[in-house]
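full-length UniProt numbering numbers the first residue of the sequence shown as 1 and each following residue consecutively.
Every residue, glycine too, gets a C-beta built ideally from N, C-alpha and C.
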Amino acid sequence: MGALHADTSSSPDAAQGEKSLSGIAVRSALSVVDLDAPITSDVVLEVRSGKLKPLEGLKILSGIDKGLCTGPVPVASLGIVGDEHDYVFHGGVDKAIHGYCATHYDAWKREFPAAADRFRPGGFGENLVFARFNERNLCIGDTFVVGADADADGDHGLLLEISLPRQPCFKLNHRFGLKDFAPVTHQTSRTGWYYRVLRPGSVQAGDTVRLVRRPHPDWPLSRVQEYLHRRKEDMARVAELAAIEQFGDECKKAFRTRLEKYATRVRKAERAAAASAAAAAASTASAAIATNDRPWWRSFRVVSKRNETPRITAFVLEAVEPTPADDLEPLGHVRLRLPVDGRSGRDEEAVGDHPPLVRAYSVVGGDRNRFEIGVSYDADTDTNAASPTVPRGGARYLHEAVAVGSVVQAGRFAPGIPFDIGGASHHAYVAGGVGITACLAQVEVLHTIHYSCVLHYAVRSAAEVAFAARLQPLRNDGTVVVYDASKGERLDLDAVVRSLPWNARLSVCGPPRMMDAARRAVRAAAAAAAENKNNNSSSSSSNLTEADVHFEAFSGDITDGGDPFTVVVANRSSDDTPSEPVQLAVGADETLLEVLQRQFGVAAVPSSCEAGNCATCKVTVRSGRIVHRGAALTAAEQAAGDAMLACVSRGQGRIVIEV
1 MGALHADTSS SPDAAQGEKS LSGIAVRSAL SVVDLDAPIT SDVVLEVRSG
51 KLKPLEGLKI LSGIDKGLCT GPVPVASLGI VGDEHDYVFH GGVDKAIHGY
101 CATHYDAWKR EFPAAADRFR PGGFGENLVF ARFNERNLCI GDTFVVGADA
151 DADGDHGLLL EISLPRQPCF KLNHRFGLKD FAPVTHQTSR TGWYYRVLRP
201 GSVQAGDTVR LVRRPHPDWP LSRVQEYLHR RKEDMARVAE LAAIEQFGDE
251 CKKAFRTRLE KYATRVRKAE RAAAASAAAA AASTASAAIA TNDRPWWRSF
301 RVVSKRNETP RITAFVLEAV EPTPADDLEP LGHVRLRLPV DGRSGRDEEA
351 VGDHPPLVRA YSVVGGDRNR FEIGVSYDAD TDTNAASPTV PRGGARYLHE
401 AVAVGSVVQA GRFAPGIPFD IGGASHHAYV AGGVGITACL AQVEVLHTIH
451 YSCVLHYAVR SAAEVAFAAR LQPLRNDGTV VVYDASKGER LDLDAVVRSL
501 PWNARLSVCG PPRMMDAARR AVRAAAAAAA ENKNNNSSSS SSNLTEADVH
551 FEAFSGDITD GGDPFTVVVA NRSSDDTPSE PVQLAVGADE TLLEVLQRQF
601 GVAAVPSSCE AGNCATCKVT VRSGRIVHRG AALTAAEQAA GDAMLACVSR
651 GQGRIVIEV
């Protein structure tokens, strides 16, 4: 899709040339405007209303396209009568009416000349258009009376109260054909604002809107946005804002949640300081490491185990000791510590020659106290499956040795596929096999909040569709498309990429062959788009670039070990021989990251996802051959051979690194 335009073709004013108080009157009103001048009244230039309709190029509905209203328009508690909203994030008592300063459109035209023809009154989806009211001279909680018949005390007529600054979403990007435009609106404090209706009435173009009450003169909307979006760590101001009752729930919850998280961080810091003091008092290095530099592990009991497919088993784990609600965090991956081969499942220290086995798995739902994972294991492809000993790998152990009632240790949760829903117009996912576990929860959320999304899911057969019950309602409306190889259904990644709409994001999680094919498809689409641009072609090829794509490695790519190897850490000296670098052995069933963190501590070798997706644990390679795994390094970075992911990649023989 090429550049998008504000769709006004179906608006009532399209055929009128935007008359009423628009046109000449609006241009005259906007000729000289000082946005910083304090004012207590303004005139309504336009009143706008609209119905839900599809956004251009997408299937989702939006009420952003609003046409002109003529004559008095009735206003009830939910706003202009007949005005439609997607009530997931828009509309409601706190967002009954949207106001916007038309003077901003001239600034937008200067700053984004390529989209100048789209910046016109109504472009932001506002209901009331003003020339002088703006985010600098309006304060949270301001109360206004509307209309010529309203008295000076505000006892009669439509009564409105400012409840929120607007927080724009991807729909503004899509509306104006500008990627990442929405954040610019709050960075410049040109978002518009919302009113709640304190007393119903009517409004029409030409009405005077007069201030009757200002309870928070120190908090103009532009200053609110300063602490909402930019100066987030000023807790004194955040506390002041959290106490303002006139805020709508959106901001009220944002400020109060920020305070609660800050209090949680303070408590954690106090606990860490106390633990550090206790370790220092114990005066042992092992105590210091145990208290300060080890991941936090908790006991979870398996409360459900079921076969989703012949190869994928779902486990629901519940905390033995639940965490307080204010200590919850987003899920993506969870690290499990498993007592495989006689290893300890409870202690950080090794048992005999075996350190604890730690593996990361995608979370498909739940929270930090109760969550679900899906784990794939195929005995036919496991070279150790015939061994009569205790299962060696994490997946095999979970499938064969863990039952309902078993207790395992779970560590911290780490982010999975980036879930920045505010910028993209469309979210596309491609999954193969157990890769569904990385995508499913996100697709369900997007579907629930009416965001444009699709999941392409490739399986060997219908029996291999994991989490089929959760997928079925999404399949019914086309959000999920399943490709059954046993029926000859082929996932054409080139076609998927070419069909993506403007401003799409793509996430891929599957076996290496699928990931490689997706990379080729993205590169081909990017090359075609560049060629069309150079040739001034209007061809509707995808504008997707590699920056818009995330590749998520899954357990089929992150195997349970490999051949042992030796690592020399060139920039760390040995305690026994200070002149010599540290040399460490990495066993067949442990990762380089585990060995490095055991030797130097977690703080010295930080990590996040521990699944090969984020590159937090990337280390410099000085020499040696690397078996690259994971998705965080590009093909060029892997070919260069000067970096590796410590959590999943392995060396061959002897390698030299720096940390």
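- The Cβ atoms of Val47 and Val146 lie no closer than 8 Å to each other.
- Residue pairing for Glu658: DSSP places it in a beta bridge opposite Thr620.
- In the DSSP assignment, Val568 forms a beta bridge with Gln583 and Val656.
- With a cut-off of 8 Å on Cβ pairs, the region 81-94 is not in contact with the region 105-122, counting fewer than three such pairs.
- Here the alpha carbons of Gly366 and Pro200 stand approximately 42 Å from one another.
- Here the region 432-443 does not lie against the region 178-194, with fewer than 3 beta-carbon pairs under 8 Å apart.
- For Trp193, the enclosing beta strand (DSSP E) starts and ends at Trp193 to Arg199.
- Residue burial is scored here from C-beta neighbours: Trp296 has fewer than 16 other C-beta atoms within 10 angstroms and is therefore classed as exposed.
- Taking a 10 Å sphere around the C-beta of Gly510, we find 16 or more other C-beta atoms and assign the residue as buried.
- Going by DSSP, Cys101 is part of the beta strand (DSSP E) stretching over Ile97 to Cys101.
- Here the region 562-573 does not lie against the region 512-524, with fewer than 3 beta-carbon pairs under 8 Å apart.
- Within the region 433-492, the alpha helix (DSSP H) runs of at least 4 residues that lie entirely inside it are, in chain order, 436-448 and 468-476.
- Restricting attention to Glu56, Pro512 and Leu45, the CA atom closest to the CA of Ala102 is found in Leu45.
- DSSP places Ser607 in the coil class of the three-state scheme, outside both helix and strand.
- Assignment of Cys509 by DSSP, reduced to helix, strand and coil, places it in the strand class.
- In the DSSP assignment, Ala360 falls within the beta strand (DSSP E) that extends over Leu357 to Gly366.
- The beta-bridge partner set that DSSP reports for Leu128 consists of Val47 and Gly99.
- Per DSSP, Val402 lies in no alpha helix (DSSP H) segment and is marked neither H nor E.
- Per DSSP, Leu158 lies in no alpha helix (DSSP H) segment; the continuous beta strand (DSSP E) that holds it begins and ends at Leu158 to Pro165.
- Residue environment: Gln442 is assigned as buried (16 or more neighbouring CB atoms within 10 Å of its CB, all protein chains considered).
- One thing to note: Thr616 has its Cβ within 8 Å of the Cβ of Ser607.
- Counted as a single uninterrupted DSSP element, the stretch harbouring Pro183 is not any beta strand (DSSP E) but the alpha helix (DSSP H) occupying residues Ala182 to Gln187.
- Counting along the chain, Phe419 sits inside no beta strand (DSSP E), nor does DSSP assign it H or E at all.
- Taking the Cα positions, Glu400 is about 12 Å away from Phe315.
- In the DSSP annotation of this structure, Leu596 is not part of any beta strand (DSSP E); the continuous alpha helix (DSSP H) holding it starts and ends at Leu592 to Phe600.
- In its chain, beyond the 5 residues on either side, Ala632, Leu633, Ala643, Met644, Leu645 and Ala646 have a beta carbon closer than 8 Å to the beta carbon of Lys618.
- When C-alpha distances from Val459 are compared across Arg470, Asp484 and Asp142, the shortest belongs to Asp484.
- Listed as beta-bridge partners of Asn369 by DSSP are no residues whatsoever.
- In the structure shown, Ser299 falls within a strand segment according to DSSP collapsed to helix, strand and coil.
- Here the region 70-79 makes no contact with the region 231-243; the two share fewer than three CB pairs at distances below 8 Å.
- Val408 sits close to Phe300, with the two beta carbons spaced by under 8 Å.
- In the three-state reduction of the DSSP assignment, Gln409 falls in the strand class.
- It is roughly 38 Å from the alpha-carbon of Gln246 to the alpha-carbon of Arg412.
- The residues His426, Ala428, Leu506, Ser542 and Leu544, in chain order, have a CB closer than 7 Å to that of Leu500 in the same chain once the five nearest residues on each side in sequence are set aside.
- According to the DSSP assignment, Ala639 belongs to the alpha helix (DSSP H) that extends over Ala635 to Ala640.
- Residue pairing of Phe247 in beta bridges, as defined by DSSP: absent, with no partner found.
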